[in-house]
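**Student:** Numbering (our numbering), first residue to last: 186 to 957.
Virtual Cβ for every residue (Gly too), placed ideally from N, Cα, C.
From a predicted model like this one, the values you see are computed outputs, not experimental measurements.
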C-alpha cells in the first residue's frame, strides 16, 4: 500500500542537497543575455528610440524595438487550446510595443554577451514618449470618452450567471443586507524569478528551456507569436522554484525564442529581476464587489447577488476568466440558495494581472463570507450554526451547472472545527468582554468550495508513460508538471499501489519535454492529482498486465492465477507463495533469447468530471486598538479533499496556503500611485509579506470523504487553503472591535483609519458600544 501514507518526497534529497538543476543552473557556451528597456510612464505612445550609445558599448550585439518584432498579436494566458473560438483568450500582446500600457512596459530590448553589459546598455537607450491619460481604476477607465488602452476599448468582457431567481429570493427574505468589498493587487513572490533561454539546434527548430507551469501551452504560444508551426518549437521544463499561477502565463519565452532566431540560433537568456517580476510579469486581480444577501431570521440563506469589477491591468492575460471562474468555484458552497453574479473585467494602466493561487475564488469568497457574517451579527445569530445549516451536503445539486455533489464533508469540517476550537465557549467570552478594553479578542469562521480542474470550460487531458527497467524499477514519465506542490510524489504512490510494487521502485522523471513527454496542459486549477490519476491508473494496469503475462510464460502458469504484491509475482490464492520477482521478469524481458521484449505502457485520458472540494478556517485573534495591531492567537484550516493521498504533503500544502492567506489579509499590497501608475514598492524590502516570525502556529485537519468520481477517491487541495483565511480573519476582527473592515489588506494604517472613523481612536474613544 502506498496511497494514504506520509512517504518522503521523491525530489526531497535533490532539492535540499542542491543537486536539482533549475533553469538558471543550465549554462550554455556562448550564451547571450537580454535586458529590456522599460517605460517609466504608465500610458503613452513611443515617439523616438535612440539606441546609438547602447550599440556602441563593447559587448552589445543588438538592440530591437517594436519595429523589429512581428506585428501579429498573440495570447499569453495558460489555457489549453479550445476548438470553440468564443472560449479563447484575447490576443493583445506583441513582443515589444510602441503603445505603453503600464509602468515598466517593454519598449526595446538589448542583447549582449554579458548580463551586466546588457543592463548598462539598456540604461543608455533614450526613449521619448507622448503621454496619455493614466487610468488605474474603473471610474476612469470605464468613463464615457475615456482614452482607449486597446483598440477594442477598455471594457474587456462581461458575463452574468443566474441560479434560481436571486432578486426575488433576496426580496422575499426577512433581512436584506448589502456590502461593498475590495481586495488588493498583490504579487506571487515565488523564490525563483521569471527566467528562460532559447537556442536552435536545427534551422527550423527552436528549443526553449524555461521555468514554467505550462510547457505544452508555451510551445503553442511561442509558435503563434513567431508565425511558426507548433512542431518547430520544443519546450523543456527542468526543476522549478515556484509559480503560484504567475508562470501559468507565457511570459518571456516568446522573446527568448525570437532573439535566438534573429541571432542565428545562439542561446539567448531572458531573466527578470525581482523588481521586474512585480511590474512586468503578473499580479493578482484587484476586485471591487458590491453584494446583496437575503436571509431569514432563522438563519436560512435565501439568496445572494455579487456584482464584480475586475481590474486586469494593461493587458488581458487570463482576463475575464478570473472573474467568471470565481463565480463557478463558489457556486457549490451554498447550493440551496439562489445565486446571482454579474462581472465586468476592464483594462487599466496597472501592471497586468493574471492567474494566482485560488483563481478569483479568494476575492469572491471574501465578499460572500464577510457579508454573511455581518448579516448573522445583525440578526444575533451564531455564524457557525448558520453555515452548518446552509452549506453543501451530499446529494445537493449545484443550480448553476446541475451537477450532483457526491462527497461533501463541509458540515463535518465545521462541526469538528467548532469542537476543536471550543467555539461556543470562546464566542460567549468574546461577547461578554469589556467594551472599554483596549485589547479585544474575537473569533471568526469562513468557508469555501473549489473545483478539481477546469472541465467543462477547458479540456482536461493527461498522459502517462511507464517503462520497466532491467533491474525491476519503473520509470514514470508524466506530462503533469511538478512545480513544488509534491505531485511527482503522489504520482509515484499511485503507480506503486496500482502496479503492486514498492514505492521506492518508481522513478518519476520530473523534467517535461514537449518533444518527448506525454501531453498535459500543465499545473493549474488544482487539477494535477485528479486529472493525471486516470492516466496513471490505466497505464499502471497495462504495465502490470504485461509483466504478469511474461511471468506466466516464465513460470508456466495461467496468467489469470497470478498477481503482483510488493514487487513479487505470486499466486492469487496463495500470496505467500513467491514465484518470481519483478526484477527477474524484467531481466528476462530484455535478455531472454526467445520471449519477452521491452515492457512499456502509455495512456492519454480525458477527464469529464469535476467534483468540488470544501473546507473552512477558524481564527482566534486579539486586536490592540491603540497600536492598530492584530495578533493571531490560533488559526485552523479543515479540508474535505476526499481521500488524502499523502498526509505529510497535504499538511504542507495547507500550511503554505494558510501562510499566503494571512499575507494577503494582513500584510501584502502593491502600492501603485493612482495618478501616475508607478509601482512604489517593487522589491522584497518594501513589499511586506509575512516571514516565519510573523506567522502563528498553523494547524490543519482533514475530513476524509470518498469521491466516487475519482480513481483514488481524492479531490483538489493545492489552491483551496488560501481561500478562507482572509474572511475568517476579517470576521474575527469585526467580532473583537465591532468594526466591519471590508478592504484588504487589514494593515495598521487601514485599522487606524477605520478605528478613527468608528470612534475607537480619538476623542470619546472607549465610550462606544461594543457590537458583535
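Sorted by chain position, which residues of the same chain lie with C-beta nearer than 6 Å to residue 478's C-beta, five sequence neighbours on each side aside?
**Tutor:** Excluding its 5 nearest sequence neighbours in each direction, residue 478 has C-beta neighbours in its own chain below 6 Å: 362, 489, 556, 560, listed in chain order.
**Student:** Under three-state DSSP, which class holds residue 651?
**Tutor:** strand
**Student:** Can you pull the DSSP bridge partners for residue 790?
**Tutor:** 647
**Student:** May I have the straight-line CA-CA distance separating residue 956 from residue 263, to the nearest angstrom?
**Tutor:** Interpretation of residue 956 is limited by its pLDDT of 41, a score under 50 that renders its predicted location unreliable; the figure taken from the coordinates is listed afterwards. Looking at the two C-alpha atoms, the distance is approximately 46 Å.
**Student:** Let me know the secondary structure DSSP gives residue 924 once reduced to three states.
**Tutor:** The answer is coil: DSSP assigns residue 924 none of H, G, I, E or B.
**Student:** Flag this pair as touching only if the region 342 to 353 and the region 453 to 467 have three or more C-beta atom pairs under 8 Å; answer yes or no.
**Tutor:** no
**Student:** Rounded to whole angstroms, what's the CA-CA distance from residue 492 to residue 476? Just pull it up for me.
**Tutor:** One C-alpha to the other measures close to 6 Å.
**Student:** Can you tell me the Cα-Cα spacing of residue 953 and residue 933, whole angstroms?
**Tutor:** Any reading at residue 953 must be qualified, since the residue scores a pLDDT of 43, below 50, and its modelled position is unreliable; the value itself is stated next. Their backbone Cα atoms lie some 21 Å apart in a straight line.
**Student:** Taking the alpha carbon of residue 575 as the point to measure from, which residue in 545, 700, 918, 518 has its own alpha carbon closest?
**Tutor:** 518
**Student:** Assuming residue 378 contacts residue 456 under a Cβ cut-off of 8 Å, what Cβ separation, rounded to an integer in Å, is found between them?
**Tutor:** 7 Å
**Student:** Under three-state DSSP, which class holds residue 691?
**Tutor:** Note: residue 691 maps to strand in three-state DSSP.
**Student:** Please classify residue 822: does DSSP put it in a helix, a strand, or coil?
**Tutor:** strand
**Student:** Entirely within the region 598 to 681 and at least 3 residues each: give me those beta strand (DSSP E) ranges in chain order.
**Tutor:** DSSP runs (the beta strand (DSSP E)) wholly in the region 598 to 681: 624 to 635, 646 to 653, 659 to 663.
**Student:** Are the beta-carbon atoms belonging to residue 237 and residue 290 less than 8 Å from one another?
**Tutor:** no
**Student:** Quick one: residues in its chain with C-beta nearer than 7 Å to the C-beta of residue 737, no 5 flanking neighbours on either side, listed in chain order?
**Tutor:** Cβ within range, chain order: 743, 744, 747.
**Student:** Just verifying my parser: in three-state terms, what is the DSSP assignment at residue 916?
**Tutor:** helix
**Student:** Closer than 6 Å by C-beta to residue 317: which residues in its own chain qualify, once you throw out the five before and the five after it? Chain order, please.
**Tutor:** 228, 229, 332
**Student:** With DSSP as the reference, label residue 877 as helix, strand or coil.
**Tutor:** helix
**Student:** Between residue 542 and residue 568, what straight-line distance do the alpha-carbon atoms span, to the nearest angstrom?
**Tutor:** 27 Å
**Student:** Kindly list the residues whose CB is nearer than 7 Å to the CB of residue 414, restricted to its own chain and excluding five residues on each side of it in sequence; keep chain order.
**Tutor:** 408
**Student:** Roughly how many whole angstroms lie between the Cα atoms of residue 887 and residue 669?
**Tutor:** 21 Å
**Student:** Report all residues from its chain with a CB closer than 8 Å to the CB of residue 185; omit the five preceding and five following residues, and keep chain order.
**Tutor:** What is shown of the chain runs 186 to 957, which leaves residue 185 out entirely.
**Student:** Tell me, to the nearest whole angstrom, how far the beta carbon of residue 699 is from that of residue 419; I am working on the premise that it is less than 8 Å.
**Tutor:** 6 Å
**Student:** In terms of residue numbering, what span does the alpha helix (DSSP H) encompassing residue 773 cover?
**Tutor:** DSSP places residue 773 inside the alpha helix (DSSP H), whose first and last residues are 767 to 776.
**Student:** Under three-state DSSP, which class holds residue 408?
**Tutor:** It is helical.
**Student:** The beta strand (DSSP E) that contains residue 374, what's its start and end?
**Tutor:** Looking at the DSSP string, residue 374 is not in any beta strand (DSSP E), and its letter there is neither H nor E.
**Student:** Please look up how many angstroms separate the CB atoms of residue 854 and residue 370, rounded, as I've assumed it's under 8 Å.
**Tutor:** 7 Å
**Student:** For residue 323 and residue 336, what's the separation of their Cα atoms in angstroms?
**Tutor:** 18 Å
**Student:** Given a cut-off of 8 Å on the beta-carbon distance, is the pair residue 697 and residue 422 in contact?
**Tutor:** yes
**Student:** Taking Cβ to Cβ, would you say residue 247 is nearer than 8 Å to residue 448?
**Tutor:** yes
**Student:** I'd like to know if the region 382 to 402 and the region 427 to 438 are in contact, where contact means that at least 3 CB-CB pairs between them fall below 8 Å.
**Tutor:** yes
**Student:** Taking DSSP as the reference, what is the three-state secondary structure of residue 703?
**Tutor:** coil
**Student:** Could you give the DSSP three-state label for residue 955: helix, strand or coil?
**Tutor:** Caution applies to residue 955, whose pLDDT of 40 falls short of 50 and renders its modelled position unreliable; the model cannot decide the point.
**Student:** From residue 208 to residue 296, what distance separates their C-alpha atoms?
**Tutor:** 19 Å
**Student:** Using the three-state DSSP reduction, which class does residue 816 fall into: helix, strand or coil?
**Tutor:** strand
**Student:** Alpha carbon to alpha carbon, what distance is there between residue 925 and residue 919?
**Tutor:** 5 Å
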